[in-house]
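Report on the structure given below.
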Amino acid sequence: MSVMIDAERLRSLTPWPKLIDALQSAFREPCEVPERLHFDICDVGSLIIMPAWHQNGFLGVKIVQVFPGNSNIGKPTVHGMYMLASASNGEVLSLIDAQELTARRTAATSALASSFLSRDSSRCLLIMGTGRLAFDVISAHATVRPIDQVLIWGRNRERASSLSHRVNETLGLQAEVKRIQRQCGIKLGKRFVAAPHAAQKRDTESVCLQMVRIGLKAPLDLLRSQLQMAASRADAG
0 MSVMIDAERL RSLTPWPKLI DALQSAFREP CEVPERLHFD ICDVGSLIIM
50 PAWHQNGFLG VKIVQVFPGN SNIGKPTVHG MYMLASASNG EVLSLIDAQE
100 LTARRTAATS ALASSFLSRD SSRCLLIMGT GRLAFDVISA HATVRPIDQV
150 LIWGRNRERA SSLSHRVNET LGLQAEVKRI QRQCGIKLGK RFVAAPHAAQ
200 KRDTESVCLQ MVRIGLKAPL DLLRSQLQMA ASRADAG
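The sequence shown begins at 0 in numbering that gives the first Met the number 0 and counts up by one.
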């Protein structure tokens with residue numbers, strides 16, 4: 000019988016260090032990821048289906064419904080569910096809250112990339128944007144680097160101030176709303192994590208590594224190749 004995992008339980012089951020380590024291992028393994036399917040629903044919304052599986056392992060399908068007009072009736076614009084099943088016999092094992100799963104996976108992937116691309120001594124984190132992912136991204140990065148200062152930039156200063164207060168109270172980090180600062184060790188935007196020191200080099204690999212977009216296929220392939228090379232060097236040593 001399948002198990003229902005809501006957002007609260009999912010958070011308790013996926014602490015950042017374990018989730019980041021699990022993703023690092025997963026990116027090293029081959030995985031079948033077909034192109035997502037996208038359907039327009041009656042001109043008012045979209046249905047998106049995203050399958051993936053490991054041979055003789057697990058099969059997962061994320062189903063997301065996006066209805067922008069819901070904001071006018073006080074309902075969330077995005078709904079979704081993730082189905083986890085056996086890739087050997089098709090048995091459904093679990094149904095998981097897709098929004099929370101996506102948020103945690105995205106934040107953990109960003110932190111994993113930073114563990115390869117940012118300075119080990121980075122203590123200042125600048126995050127640009129105050130949306131759904133902002134707090135999770137800060138939390139995840141604080142587990143891979145000795146972050147003690149968080150600078151927040153957002154178009155909506157009220158939301159930026161609210162995020163700053165939450166970070167101060169919940170994570171115990173010094174957070175404040177600021178303009179972009181040059182001294183930050185790690186810069187995070189809605190779609191990227193950057194290592195500023197890499198820009199000082201001019202070779203192609205360093206330029207490519209300067210930015211890893213969150214959730215897009217090509218840069219994740221780049222991250223996967225870096226993890227595989229790191230593993231090969233460790234085995235050779």
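All C-beta atoms in this analysis are idealised placements derived from N, C-alpha and C, irrespective of residue type, glycine included. Bear in mind the structure is a predicted one, so any value in this text is a computation, not a measurement.
Around the Cβ of lysine 61, a 10 Å sphere holds 16 or more other Cβ atoms; the residue is buried.
Residue pairing by DSSP places phenylalanine 57 opposite Ser85 in a beta bridge. About 7 Å separates the beta carbon of isoleucine 151 from that of threonine 129, a gap short enough to meet the 8 Å contact definition. Excluding the 5 residues flanking it on each side, aspartate 39 has same chain C-beta neighbours closer than 7 Å at Ser45, in chain order. Fewer than three beta-carbon pairs drawn from the stretch 70-80 and the stretch 49-59 are found closer than 8 Å, and the two stretches are therefore not classed as touching. The straight-line gap separating the alpha-carbon atoms of tryptophan 15 and threonine 142 is approximately 7 Å. Within the DSSP secondary-structure output, cysteine 41 pairs in no beta bridge. Counting only runs that start and end inside the stretch 107-154, the beta strand (DSSP E) elements of at least 3 residues fall at 123-127 and 148-152.
Only exposed fits arginine 122, as fewer than 16 other CB atoms lie within 10 angstroms of its CB.
With contacts defined as CB atoms closer than 8 Å, glycine 68 and valine 32 fail to qualify as a contacting pair. Taking C-beta atoms as the reference points, leucine 94 and methionine 3 count as a pair closer than 8 Å. Secondary structure note for leucine 94: it is in no alpha helix (DSSP H), and the uninterrupted beta strand (DSSP E) holding it is 91-96.
Where glutamate 175 is concerned, there is no enclosing alpha helix (DSSP H), although the beta strand (DSSP E) around it starts and stops at 173-176. Annotation for isoleucine 72: no alpha helix (DSSP H) segment contains it, and DSSP assigns it neither H nor E. Straight-line measurement puts the Cα of phenylalanine 26 at about 14 Å from the Cα of serine 114.
Alanine 174 is not a Cβ neighbour of serine 161, given a cutoff of 8 Å. Straight-line measurement puts the Cα of leucine 111 at about 26 Å from the Cα of alanine 84. When only Cα atoms are considered, leucine 172 and phenylalanine 134 end up about 12 Å apart.
If you draw a 10 Å sphere on the C-beta of isoleucine 137, you find 16 or more other C-beta atoms in it, and that means buried.
The Cβ-Cβ distance between alanine 139 and alanine 107 falls below 8 Å. Straight-line spacing of the CA atoms in glutamine 98 and arginine 118 works out to 31 Å. With 16 or more other Cβ atoms from the protein chains shown falling within 10 Å of its own Cβ, aspartate 96 counts as buried. Judged by DSSP secondary structure, valine 2 falls within the beta strand (DSSP E) whose first and last residues are 2-4. Rounded to the nearest angstrom, the gap between the Cα atoms of alanine 6 and phenylalanine 66 is 21 Å.
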